[in-house]
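Heads up: the sequence shown runs through residues 6 to 206, numbered per my numbering. See below for the structure under consideration.
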Amino acid sequence: NDFVEANANVIARLLDIPNIAVYDEMYEIKSWITSTLSGGSSTWVSVQDASDFTAFETVRIHNNTTGAYEDRVILSVDTFTNQLQIEYPTDNSYKAGLDSVAMRKYFVPDNKIVFMSTSIDGEAIAEYKQAPFGLGRQYGLQTDKHEEWDPEGIFIRVRDKGLPILYHRDAIYSIEVATTAAASATSTTTTSSSTTTTTTA
Numbered sequence: 006n007d008f009v010e011a012n013a014n015v016i017a018r019l020l021d022i023p024n025i026a027v028y029d030e031m032y033e034i035k036s037w038i039t040s041t042l043s044g045g046s047s048t049w050v051s052v053q054d055a056s057d058f059t060a061f062e063t064v065r066i067h068n069n070t071t072g073a074y075e076d077r078v079i080l081s082v083d084t085f086t087n088q089l090q091i092e093y094p095t096d097n098s099y100k101a102g103l104d105s106v107a108m109r110k111y112f113v114p115d116n117k118i119v120f121m122s123t124s125i126d127g128e129a130i131a132e133y134k135q136a137p138f139g140l141g142r143q144y145g146l147q148t149d150k151h152e153e154w155d156p157e158g159i160f161i162r163v164r165d166k167g168l169p170i171l172y173h174r175d176a177i178y179s180i181e182v183a184t185t186a187a188a189s190a191t192s193t194t195t196t197s198s199s200t201t202t203t204t205t206a
């Protein structure tokens, strides 16, 4: 909801779109620290791979021994030297090869809108193939027993993996929203004796 800044259903009514969803799932990028980071000394963090990190996002620096961490904003990313520049030095020290950094990112950026049709000429644009399949396996939740683990116990087996297959790529449109500076609105009023120009920021 960071993008629309309102209830998704309200936006759907404004745009006359019957179905709208805010996809805000995130994934984590993690990398090991490759050079010892001394507390209070440096704003550069050397990592194993900096290629997927993004400037102006928050990186979490983990002490994997104690479980403590510190959050810092990334000012720049150097993919050539695999270094992250953070806003100010860390309070604590972190060891190379033992401690790590992590950053969370959205699967779909908050400046992107995706429009799609559900079907073309009566045919669905995609299909979800359930897996595992065959060999007596069933998709979903089933009760099961395991004599070696617990002869008296009953376990819930979950098989919910699948593979989406897209048949019609031309039924999906991806739009990236560009941020532009607000332009001034200028109106001109002409009278018999003078011309008045009004500018509204």
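Backbone N, C-alpha and C define an ideal beta-carbon position, used for all residues, glycine too.
| Asked | Found |
| --- | --- |
| With Ser-105 and Ser-36 assumed to form a contact (beta carbons below 8 Å), what rounded beta-carbon distance in angstroms separates them? | 6 Å |
| How would you call Ser-51, buried or exposed, if buried means at least 16 neighbouring beta carbons within 10 angstroms? | buried |
| Using a Cβ-Cβ cut-off of 6 Å (strictly less than) and excluding sequence neighbours within five positions of Gly-45, which residues of its own chain qualify? | Pro-94 |
| Using DSSP's beta-bridge definition, name the partner residues of Asp-76. | Arg-65 |
| Taking the alpha-carbon of Arg-134 as reference, which of Glu-92, Gly-167, Arg-174 has the nearest alpha-carbon? | Before going on, a small fix: residue 134 reads as Lys here, not Arg. Checked all of Glu-92, Gly-167, Arg-174; the closest Cα to Lys-134 is Gly-167. |
| Applying the 10 Å Cβ sphere with the 16-neighbour rule, what's the burial state of Phe-58? | buried |
| Since I believe Tyr-99 is in contact with Ile-16 (beta carbons under 8 Å), could you give me their beta-carbon distance rounded to a whole number of angstroms? | 42 Å between Cβ atoms; not a contact. |
| Does the Cβ of Ile-79 have 16 or more other Cβ atoms within 10 Å, making it buried, or fewer, making it exposed? | buried |
| Among the residues of its own chain, which have a CB less than 6 Å from the CB of Ala-13, if the five just before and after it don't count? | Ile-25, Val-27 |
| Nearest to Asp-83 by alpha carbon, out of Thr-71, Val-119, Ala-60? | Ala-60 |
| Which residues share a DSSP beta bridge with Leu-89? | Val-50, Val-82 |
| How would you label Ala-73, buried or exposed, when you count the other beta carbons within 10 angstroms and need 16 or more for buried? | exposed |
| In angstroms, rounded to a whole number, what distance separates the CA positions of Tyr-144 and Gly-127? | 27 Å |
| Taking all protein chains shown into account, do 16 or more other C-beta atoms lie within 10 angstroms of the C-beta of Ala-183, making it buried, or fewer, making it exposed? | exposed |
| Give the C-beta separation of Lys-110 and Ser-179 to the nearest angstrom, bearing in mind that I take them to be a contact with Cβ-Cβ under 8 Å. | That belief does not hold up - the Cβ atoms of Lys-110 and Ser-179 are roughly 17 Å apart, past 8 Å. |
| Excluding five sequence neighbours on each side, which residues of the same chain lie with their C-beta closer than 6 Å to the C-beta of Glu-62? | Ile-79, Met-108 |
| Could you check what DSSP says for Ile-25 in three-state terms: helix, strand or coil? | coil |
| Buried or exposed, going by whether 16 or more other CB atoms sit within 10 Å of the CB of Ile-66? | buried |
| How many Å lie between Asp-175 and Glu-132 at the Cα? | 15 Å |
| Which runs of the beta strand (DSSP E) spanning at least 3 residues fall entirely within the segment 124-187, listed in chain order? | 131-135, 145-151, 155-164, 167-171, 177-181 |
| Once the 5 residues before and after Ile-159 are set aside, which same chain residues still bring their CB inside 8 Å of it? | Thr-148, Asp-149, Lys-150 |
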